[in-house]
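**Q** First residue of the sequence shown? That's 1 in my numbering, and the numbers climb one at a time after it.
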Amino acid sequence: MDIAAGVGFMGELARLTLRYDRAEDGAPRSLIAKFPTRIPENREIADVFRFYERETRFYEEVAPEVKLRTPRRYYGALNPATQDYVLLLEDLAPARVGDQLEGCSSEEAELCIRQLAMFHATWWESPRLTEIDWMPLANDPLIAQSAQDAYAEAWGPFAEYAGDKLSDDMRAVGERFGKNIINALNRYGEPPRTIVHGDYRLDNLFFGTPEGGAPLTVIDWQISTRGNGVFDVAYFICGSMEPAERRATEMDLLRMYHAVLLDGGVRAYDFDQCFEDYRASTLLCLLYSVLEIGSLDTANERGLELFTAIMERALSAVADLNADELLPK
């Protein structure tokens, strides 16, 4: 059975119901199978940037050692030549998947940020980061140049789609930012580094329910990188909260994130730097939004609604935080 329609762009999911020839304690009743996308344009992107290798190897080499709860991997295989892959993962039901359109409670937001900070602290400037070189740096030259080129191509359609939601001031910011994508990604990839999920939003987070499930489980590690972890914080807050809610809570959430980093052993990273990195990361949230116009399926009602919400939230965050002040004059 296909699941998660309108949620992901780079993969296909199916729930497999299992039957056994004999009883076995602890054997799962169902699994989630994950395959490459069937959309040619998206598949090309996934192959170039090795999204499927990243996720396969994350579950093999990193997930068993992290404090952040991820689905159990029962099987994984990747063909390096073709980048075809399959993952058989734990079915997280009866846990509840988050909904980026509906948002989350303040308690859930705190849980998401606290767990994220603990994960980031574990890998913060860790010597082991050099061992997982299959996970690219956030400022990898191929990624940076491709993002700059793709933004230039996507900006026109994005601005047309945004219409009057894109103010004259924000239009100028977007055009100026388009000339500085490589600089922005270079900053994102500079030390201090940790493992960055890259798509940390409610649609990729599962919450426990009275029927069962861990308090929080994080899925979809295809675009993980090594870079500045504050991007994950900004992407969650700016992408999963309505602007009014974000304005009311973002500083408290960011201070909590920073405090948990310090509790986890992070040093030489003060809150002022954390806040500057947060502001800079809102521009990268805008980058994501602009680039997603290329994979927008106008026939997919939820996907269209989600894209519009992400766009409006990103524009609002960049404007509220005057993130353009961080761009070169």
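The beta-carbon is built from N, C-alpha and C at its ideal position, and this holds for glycine as well.
1) List the whole-angstrom C-beta distance separating Arg50 from Glu12, where the pair is believed to meet the contact cut-off of C-beta under 8 angstroms.
2) For the alpha helix (DSSP H) that contains Pro243, what are its first and last residues?
3) Using the Cα positions of Asn204 and Asp169, report the straight-line distance between them to the nearest angstrom.
4) Which residue from Gln222, Arg96 and Thr122 puts its Cα closest to that of Arg57?
5) Spell out the partners DSSP gives Pro36 in its beta bridges.
6) According to the neighbour-count rule (16 or more other Cβ atoms, all chains shown, within 10 Å of its Cβ), is Trp124 buried or exposed?
7) The beta strand (DSSP E) with Tyr75 in it runs from where to where?
8) Indicate whether the contact test is met: 3 or more Cβ pairs, each with one atom in the region 220-236 and one in the region 80-95, closer than 8 angstroms.
9) Relative to the alpha-carbon of Glu190, which residue among Gly198, Phe207, Leu137 and Gly208 has its alpha-carbon at the smallest distance?
10) Look at Ala317 and Arg255 and say whether their C-beta atoms are less than 8 angstroms apart.
11) Of all the options His120, Asn79 and Arg176, which has the alpha carbon lying nearest to the alpha carbon of Ala152?
12) Would you mind giving the Cβ-Cβ distance between Glu108 and Phe236, rounded to the nearest angstrom? I have them listed as a contact below 8 angstroms.
13) What's the C-alpha gap between Ala184 and Leu92?
14) Can you find a heavy atom of the ligand ZN that lies under 7 angstroms from the Cβ of Gln222?
15) Which residue marks the beginning of the beta strand (DSSP E) containing Arg226, and which one marks its end?
16) Pull up the CB-CB distance for Leu88 and Ala33, whole angstroms please, since I reckon it's below 8 angstroms.
**A** The structure says:
1) Incorrect: roughly 18 angstroms between the Cβ atoms, too far for contact.
2) Pro243 to Asp263
3) 32 angstroms
4) Gln222
5) Gly11
6) buried
7) Arg73 to Leu78
8) no
9) Leu137
10) no
11) Arg176
12) Not really, about 11 angstroms apart at Cβ, beyond 8 angstroms.
13) 36 angstroms
14) The ligand content of the structure shown is nil, which means the ligand ZN is not present either.
15) Thr225 to Gly227
16) 6 angstroms
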